[in-house]
Every structure is written in C-alpha cells, then in structure tokens.
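Numbering (my numbering) for the sequence shown: 6 to 369.
Yeah, the Cβ is synthetic: ideal placement off N, Cα and C, and Gly gets one too.
Quick caveat, the model's predicted, so the values are computed rather than measured.
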Amino acid sequence: MIQASEHIKSIKPYVAGKPIEELVRELGIAHPVKLASNENPVGPSPLAVSALRKGMGDLNRYPDGSCHYLGSALSGKLQIRPDGILFGNGSNEIIELAVRTFLNPGDEAIMAHPSFVVYSTIVQAVKGKSIIVPLKDRRHDLDAMASEITAKTKIIFIANPNNPTGTINTKTDMDSFMKKVPEDVLVIVDEAYFEYAVSPDYADSIKYFRRGRDILILRTFSKIYGLAGLRIGYGIAKKELITEMNKVRQPFNVNSLAQKAALAALDDEKHLERSKKINERGKKYLYKEFRSLNINYVPTEANFIYITFKNDAAAQLYNDLLKEGVIARPMGPRAMRVTIGLPGENKKLIEALRKILNRENFII
Ligand SMILES: Cc1ncc(COP(=O)(O)O)c(C=O)c1O
C-alpha cells in the first residue's frame with residue numbers, strides 16, 4: 006500500500022464531533038443541546054435564508070470565482086479596497102492558503118497553546134515547524150512569542166479572541182508586540198469571534214494593515230452570522246500578499262450559495278445585534294450560575310466560556326453531560342469549553358451541571 010509522507014503520518018487527526026442525529030439515537034434523548042462548536046444558537050440571518058432560496062435556481066452554474074459582489078459590499082463596509090480581501094471556504098481555508106504560500110519546509114510558525122488546533126496541523130502538513138508558546142494568565146503571552154522570533158520565523162498566529170479561552174490581547178499589547186515583529190514576518194490575527202467582543206480595549210488590527218504591515222486578518226461568516234454550514238470566511242491583507250495566495254487557491258473555492266447568503270447577512274444588522282444581545286445575556290447568566298456552583302470560569306469576549314477544574318474531571322463531566330443531553334467540548338483533562346446558547350439551552354446546561362455536581366464523589 007502506498008505510504009503517506011512521514012510528516013503527514015505524524016499529524017494528530019482532528020476529532021470531529023458525532024452528528025447530532027447519531028447522539029440522539031445512541032442516548033435516546035430527543036433534543037440534545039449542542040454547546041460544542043461555538044456556532045450561533047440564534048440561527049442564520051433570515052435575510053440570508055431568503056437569499057439562499059432565491060439562489061437555488063442557479064446551481065447548475067459555477068460560482069463567481071472572484072466573489073465580486075460580496076467583495077465590493079465588504080470593501081464598502083470596511084473601507085478597504087477589494088484587492089485587499091480574499092474569500093475562502095471558511096476562514097480555515099485562508100489559514101491553509103497562507104501557510105502553503107508563505108511557509109517553506111523547515112520554516113517556523115509561532116503560535117500559542119491552547120489555541121486553535123488547526124494552525125499546527127497545517128504547518129506540519131507543509132513540513133514547517135510549530136513553535137508553541139504557552140498562554141500566560143489564559144492570554145497569548147505576546148512578549149514570550151516575540152522572543153521566539155528567529156531568522157526562520159515566517160508566520161505568527163494570534164487568535165484574538167482566543168479559542169478556547171475567549172480572552173483577548175488588548176490594543177496596548179498588540180501595539181507593543183507589532184513593534185517587536187520584523188516587517189517580513191507575517192502576523193496572522195484570527196478574529197473569528199471579532200463581532201462578539203465587547204471590551205473597549207479590544208485591538209483593531211485593521212490599523213496595522215492600513216499602515217502597510219505584513220498582517221493577515223481573518224474573519225468568518227461561521228460565527229455571529231450563523232452560516233457555519235455554508236463555509237465562508239475572508240482574509241484582509243495587502244494586495245501583494247493576496248496576489249500570491251490567489252495563485253494557490255482553487256478557482257471556485259467559495260460556493261455560490263455561500264456568497265449569496267453572506268452578502269445578505271452582511272446587511273442584517275438586526276440579526277447581528279440580536280445575536281450579540283443574546284450572547285451577552287447568556288454570558289451574564291452563566292457567570293452567575295457558575296459562581297453559585299463554584300465552577301471556575303474565564304471571562305470571555307467570545308460566544309463560549311472556558312471552565313477549569315482542580316481535578317482531571319473533564320472526560321467524566323463530558324460523558325455525564327452527554328447523558329443529560331448536553332454536548333460540551335472537553336479541553337484536556339482539566340478544562341472544558343461551552344458555547345453560550347439560547348436562554349433555555351443555558352438553563353439546561355446549568356441544571357445538568359447542578360445535578361451531576363450534587364452527586365456524591367464528584368469533585369471539580
Ligand atoms: C479561532 C478560530 N478560527 C477559525 C475558525 C474556523 O472558522 P471557519 O468556519 O471560518 O473556517 C474557528 C472555528 O471554530 C475558530 O475558533
């Protein structure tokens with residue numbers, strides 16, 4: 006049998022969650038609550054759904070490979086020239102395009118841990134080397150990351166807000182970090198949860214792009230816009246970088262329905278505001294209930310909360326929650342990430358936690 010290259014064989018496969026229907030069948034629970042993937046519990050924008058219905062008649066045609074209409078709408082909204090925006094099959098694809106374009110075998114990419122797992126997988130797939138810097142106080146330790154820069158460093162990944170901790174790096178943090186990064190190192194700032202962040206200290210990384218820095222800012226329609234199933238995200242970078250990434254991009258990487266839905270969702274301020282409000286309310290409710298249950302949590306700027314345990318409780322708690330019809334995401338032995346859901350979903354999570362924790366012998 007043909008063998009994969011050694012650097013591919015050693016990649017740890019991404020473990021996808023089971024389809025919800027499968028869990029329903031296995032557990033015999035009619036309506037499980039899915040709080041595992043940081044999706045928008047409100048659903049997609051109604052304007053996007055209606056655009057999808059209208060767009061289905063054209064499915065025999067290939068999509069517009071340049072995402073022209075969406076690009077010009079976004080360009081107007083962000084006040085960025087269209088040639089500074091690149092669309093992808095989710096922002097995941099943009100991460101892949103950037104790594105394939107700019108990282109040679111043996112080059113180094115600096116990233117935090119725990120952070121979004123996809124970065125290191127893609128780096129390894131092109132025979133690059135991931136330099137992993139642990140979080141400090143649950144945040145990217147930007148000083149430590151800057152001190153890891155060598156002549157081999159090509160890319161630095163910063164998830165802001167970070168997944169799984171929901172923490173941010175502030176304007177001041179980012180300003181002093183950017184001063185330490187050489188001009189020819191690409192800083193990839195992954196802002197998948199940008200629209201959820203409420204802190205006035207949250208950094209606006211577009212300003213570094215406007216100053217002509219080698220920065221790639223990633224945003225997505227998968228989170229607050231509620232279009233995760235369609236796979237569409239984008240990157241913002243200077244034209245010269247986008248021109249190179251475009252050379253390795255598949256010509257029809259973003260499907261036509263995704264383009265139409267994203268265009269409609271972009272203007273749906275009502276859906277955006279409602280989603281943000283529901284997230285904020287859910288956040289406050291969960292904080293209060295976590296405190297009353299003595300559960301440690303990390304204050305979040307995203308649509309999920311990272312909770313931590315004193316013991317190796319995550320695997321058992323995950324299984325116990327499943328039996329109660331709640332799907333969360335264990336993060337190593339002593340942490341778990343829960344997406345903020347609709348009010349009823351949050352309540353179900355808290356009731357399940359209370360029931361489990363009240364049981365004898367369960368110490369977290
Ligand atoms: C930090 C971060 N970046 C990127 C993504 C991927 O988003 P997309 O659906 O746009 O590929 C996620 C999704 O969970 C994420 O948490």
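Item, Value
"With a threshold of 6 Å on Cβ separation, who are the neighbours of I237 within its own chain once the five nearest residues in sequence on each side are excluded?", "F226, V259, A263 and A267"
"Terminal residues of the continuous beta strand (DSSP E) containing E153?", "Careful: E153 lies outside any beta strand (DSSP E) and carries neither H nor E."
"Using CA atoms only, rank isn't needed, just tell me which of N167, S210 and V203 is closest to S181.", "S210"
"Can you name the residues that DSSP bridges to D273?", "None, per the DSSP bridge assignment."
"Following a CB-centred definition, is S71 positioned closer than 6 Å to any heavy atom of ligand 1?", "no"
"For the segment 149-167 against the segment 86-96, do three or more pairs of beta-carbon atoms, one drawn from each stretch, fall closer than 8 Å, so that the two count as touching?", "no"
"Quick one: residues in its chain with C-beta nearer than 8 Å to the C-beta of D69, no 5 flanking neighbours on either side, listed in chain order?", "S261 and Q264"
"Where R216 and G349 are concerned, what is the direct C-alpha to C-alpha distance, given to the nearest angstrom?", "45 Å"
"Can you tell me which of the three DSSP states E249 falls into?", "helix"
"Look at the alpha carbon of E153 and the alpha carbon of G81, and state the distance between them as a whole number of angstroms.", "38 Å"
"Just tell me which of V331, A208 and A149 has its CA closest to the CA of K352.", "V331"
"Quick one: using the 10 Å Cβ neighbour count with 16 as the cut-off for buried, is M179 buried or exposed?", "buried"
"I'd like the ranges of any alpha helix (DSSP H) spanning at least 4 consecutive residues and lying wholly in the segment 272-354.", "274-297 and 319-328"
"Quick check on this structure: which residue in S204, Y198 and M150 has the alpha carbon closest to the alpha carbon of K176?", "S204"
"With a threshold of 7 Å on Cβ separation, who are the neighbours of F199 within its own chain once the five nearest residues in sequence on each side are excluded?", "R224"
"Applying the 10 Å Cβ sphere with the 16-neighbour rule, what's the burial state of P110?", "exposed"
"So if DSSP puts E113 in a beta bridge, which residue, or which two residues, is it bridged to?", "K134 and T158"
"Got a sec? Which residues, its chain only, sit under 6 Å from E101 by beta carbon, not counting five neighbours each side?", "I127"
"Would you report the Cα separation of D63 and L57, rounded to the nearest angstrom?", "10 Å"
"Can you list, in chain order, the residues of its chain whose CB lies under 6 Å from that of Q345, leaving out five sequence neighbours each side?", "Per the sequence shown, residue 345 should be read as Ile rather than Gln. So the list reads N284, G287, K288 and N308, once near-sequence residues are dropped."
"Is DSSP giving V371 helix, strand or coil here?", "No statement about residue 371 is possible, as the shown extent of the chain runs from 6 to 369 and does not include it."
"Under the rule that 16 or more other beta-carbon atoms within 10 Å means buried, what is Y19, buried or exposed?", "exposed"
"Residue range of the alpha helix (DSSP H) that L57 falls in?", "P51 to G60"
"Among the residues of its own chain, which have a CB less than 6 Å from the CB of T305, if the five just before and after it don't count?", "G171"
"From K228 to K184, what does the alpha carbon distance come to, in whole angstroms?", "31 Å"
"Could you check whether A270 and A53 sit closer than 7 Å to each other, using their CB atoms as the reference points?", "yes"
"Using three-state DSSP, classify T175 as helix, strand or coil.", "strand"
"Below 7 Å between beta carbons: does that hold for I247 and L91?", "yes"
"Listed by chain order, which residues have C-beta atoms less than 6 Å from any heavy atom of ligand 1?", "N43, G95, S96, N97, F121, A164, N168, D195, A197, T225, S227, A233 and G238"
"Answer with buried or exposed for K59, where buried requires no fewer than 16 other C-beta atoms within 10 angstroms of its C-beta.", "exposed"
"Which residue comes first and which comes last in the beta strand (DSSP E) that contains L108?", "Premise fails: L108 is in no beta strand (DSSP E) and is neither H nor E."
"Within the same chain, show all residues whose beta-carbon is closer than 6 Å to that of L329, passing over the 5 residues directly before and after it, in chain order.", "Residue 329 is actually Glu in this sequence, not Leu. Cβ within range, chain order: A357."
"I need the straight-line Cα distance from R342 to Y302, nearest angstrom please.", "10 Å"
"Would you give the residue range spanned by the beta strand (DSSP E) that F199 belongs to?", "F199 -> no beta strand (DSSP E), and no H or E assigned at all."
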